[in-house]
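A.B. asks:
Number of protein chains: 2
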Amino acid sequence: MSDTQDTALLRLAELRRGIDVLDAQLIGILGQRFGLTAEVGKLKKEHSLPPQDPAREAQQMARIAELATGAGLDPALAQRVFRAIIDTVVQNHKQV
Amino acid sequence: MSDTQDTALLRLAELRRGIDVLDAQLIGILGQRFGLTAEVGKLKKEHSLPPQDPAREAQQMARIAELATGAGLDPALAQRVFRAIIDTVVQNHKQV
Numbered sequence: 183m184s185d186t187q188d189t190a191l192l193r194l195a196e197l198r199r200g201i202d203v204l205d206a207q208l209i210g211i212l213g214q215r216f217g218l219t220a221e222v223g224k225l226k227k228e229h230s231l232p233p234q235d236p237a238r239e240a241q242q243m244a245r246i247a248e249l250a251t252g253a254g255l256d257p258a259l260a261q262r263v264f265r266a267i268i269d270t271v272v273q274n275h276k277q278v
Numbered sequence: 183m184s185d186t187q188d189t190a191l192l193r194l195a196e197l198r199r200g201i202d203v204l205d206a207q208l209i210g211i212l213g214q215r216f217g218l219t220a221e222v223g224k225l226k227k228e229h230s231l232p233p234q235d236p237a238r239e240a241q242q243m244a245r246i247a248e249l250a251t252g253a254g255l256d257p258a259l260a261q262r263v264f265r266a267i268i269d270t271v272v273q274n275h276k277q278v
């Protein structure tokens, strides 16, 4: 293996450590987020509100695209990730 | 609308503000994460490494499940969200 290849693999390992640190932060925030959405689900059930709220979701998705653009993140990528988060939450609310 | 219903709607609005704050944090971290994965993609391309790395992915998914459990988050939920993140990243690497 060449020196350049060695350097590349070291840099790759370094980048991956950085990604792992961010993933731990993401998990921490997701944990807090699912805590709040579980409370939302409970509240909706107690007050016979529908588990899904298309107006709120549309508002969230628009805000996410806006925040993503501000963070230099492709809005479509951000929306795809949040689609997975929101779908998981809605599924959970239906199961409550 | 009853008082209880009013109180519930106020609480719902409060919970949603909390969710919006966490979403802004998630977007910020996702922005940093996609910055690092874009660098990984560039490095892989320059050194003719394959865009997808099943061993690394399996390791990430196992770690995510472990971190999720530690954060009181359902590991399956966390993995579903990260599946979306990783798939988006892999798609991007292939397009680079």
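These protein sequences, in sequence, are chains R and B.
The first sequence lines up with residues 183 to 278 when you count with our numbering.
The second sequence lines up with residues 183 to 278 when you count with our numbering.
We put the CB at the ideal spot given by N, CA and C, even for glycine.
(1) Can you confirm whether B/Glu-239, when its beta carbon is compared against all beta carbons of chain R, has any partner nearer than 9 angstroms?
(2) Between the segment 261 to 276 of chain R and chain B, which residues of the former have a C-beta closer than 8 angstroms to a C-beta of the latter?
(3) In terms of alpha-carbon separation, which member of R/Glu-221, R/Leu-204 and R/Ala-250 lies closest to R/Val-271?
(4) Which residue's Cα is closest to the Cα of B/Met-151: R/Asp-205, R/Gln-273 and R/Ala-258?
(5) When the Cα atoms are used, what is the spatial distance from B/Leu-225 to R/Ala-190?
(6) May I have the straight-line CA-CA distance separating B/Arg-215 from B/Asp-185, to the nearest angstrom?
(7) Touching or not, the segment 250 to 263 of chain R and the segment 249 to 257 of chain B, by the rule of three or more beta carbon pairs under 8 angstroms?
(8) By Cβ distance, which residues of its chain are closer than 8 angstroms to R/Glu-239, with the 5 residues on each side in sequence left out?
(9) How many Å lie between R/Gln-241 and B/Ala-250 at the Cα?
(10) Mapping DSSP to helix, strand and coil, what is R/Pro-232?
(11) What is the C-beta distance between B/Leu-218 and R/Gly-200, in whole angstroms, given that I count them as a contact (C-beta under 8 angstroms)?
(12) Would B/Leu-208 be called buried (16 or more neighbouring beta carbons within 10 Å of its own) or exposed?
(13) Using a Cβ-Cβ cut-off of less than 9 angstroms, give me the residues of the segment 204 to 221 of chain R that come near chain B, in sequence order.
(14) List in chain order: all unbroken alpha helix (DSSP H) runs of 4+ residues lying wholly within the segment 224 to 272 of chain R.
C.D. replies: Answer, in terms of the structure:
(1) Indexing the second sequence from 1 puts residue 239 of chain B at position 57. The beta-carbon of B/Glu-239 is placed no less than 9 angstroms from the nearest beta-carbon of chain R.
(2) Per Cβ criterion, the list reads Arg-262, Val-263, Phe-264, Arg-265, Ala-266, Ile-267, Thr-270 and Asn-274.
(3) One-based indexing of the first sequence puts residue 271 of chain R at position 89. The shortest Cα separation from R/Val-271 among R/Glu-221, R/Leu-204 and R/Ala-250 belongs to R/Glu-221.
(4) For chain B, the structure presents residues 183 to 278; residue 151 of chain B sits outside this window and is missing.
(5) Looking up residue 225 of chain B in the second sequence gives position 43. Looking up residue 190 of chain R in the first sequence gives position 8. Whole-angstrom Cα-Cα distance: 7 angstroms.
(6) The sequence position of residue 215 of chain B within the second sequence is 33, counting from 1. The sequence position of residue 185 of chain B within the second sequence is 3, counting from 1. Looking at the two C-alpha atoms, the distance is approximately 45 angstroms.
(7) These segments do not touch.
(8) Looking up residue 239 of chain R in the first sequence gives position 57. Ile-268.
(9) Here residue 241 of chain R is taken as the residue at index 59 of the first sequence, counted from 1. Here residue 250 of chain B is taken as the residue at index 68 of the second sequence, counted from 1. The straight-line gap from Cα to Cα measures roughly 28 angstroms.
(10) Locating residue 232 of chain R in the first sequence gives position 50, counting from the first residue. Here R/Pro-232 sits in coil by DSSP.
(11) Mapped onto the second sequence, residue 218 of chain B falls at position 36. Mapped onto the first sequence, residue 200 of chain R falls at position 18. Right, their Cβ atoms sit about 5 angstroms apart.
(12) For the purposes of this step, residue 208 of chain B is identified with residue 26 of the second sequence, where counting begins at 1. B/Leu-208 is buried by the Cβ-count criterion.
(13) Answer set for the segment 204 to 221 of chain R: Leu-204, Asp-205, Ala-206, Gln-207, Leu-208, Ile-209, Gly-210, Ile-211, Leu-212, Gly-213, Gln-214, Arg-215, Phe-216, Gly-217, Leu-218, Thr-219 and Glu-221.
(14) Taken in chain order, the unbroken stretches of alpha helix (DSSP H) that lie wholly in the segment 224 to 272 of chain R and span 4 residues or more are 236 to 252.
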